[in-house]
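Down below is the structure, laid out as structure tokens.
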Ligand SMILES: [Cu+2]
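In the working numbering, the protein residues as written are 20 to 144.
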């Protein structure tokens, strides 16, 4: 009985790992596109405790680069580097804030990530 149950659990994990459509992780997802608005949604809102995942379903290489990465005085909070077609990029643990970003390869591609405090996580006392 127990063995059957364990096999079923393993198969379940395998199907999630191999099928992006079945990804059950509670990430905020953003799609890259080759046409406007380029990042969908163009403005994504999430909470500080939620990973953010950008997927590149296009046949083109793109990046997800925080705008402040180009300014020496500002902290560069995320820069994916090149994300190949079919690839993805995940950021987690961002503090609350508003993060405009762009594609380093195609500067016309611009998006914005808004992170709010995660109210489900108890604040440190
Ligand atoms: Cu691009």
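All residues carry an ideal CB built from backbone N, CA and C; glycine is no exception. Remember, it's a predicted structure, so these values are computed and weren't measured experimentally.
| Asked | Found |
| --- | --- |
| For residue 98, three-class secondary structure by DSSP | strand |
| Given residue 130 as reference, the closest of 45, 108, 119 and 65 once Cα atoms are compared | 119 |
| Under 8 Å between C-beta atoms of residue 125 and residue 86 | no |
| Where the beta strand (DSSP E) through residue 118 begins and ends | 116 to 121 |
| Proximity test, residue 124 beta-carbon vs ligand 1 heavy atom, cut-off 7 Å | yes |
| Closest Cα partner of residue 96 within the set 47, 117 and 105 | 117 |
| Three-way DSSP call (helix, strand, coil) for residue 63 in this model | strand |
| DSSP-derived helix/strand/coil call for residue 87 | helix |
| Three-state secondary structure assigned by DSSP to residue 137 | coil |
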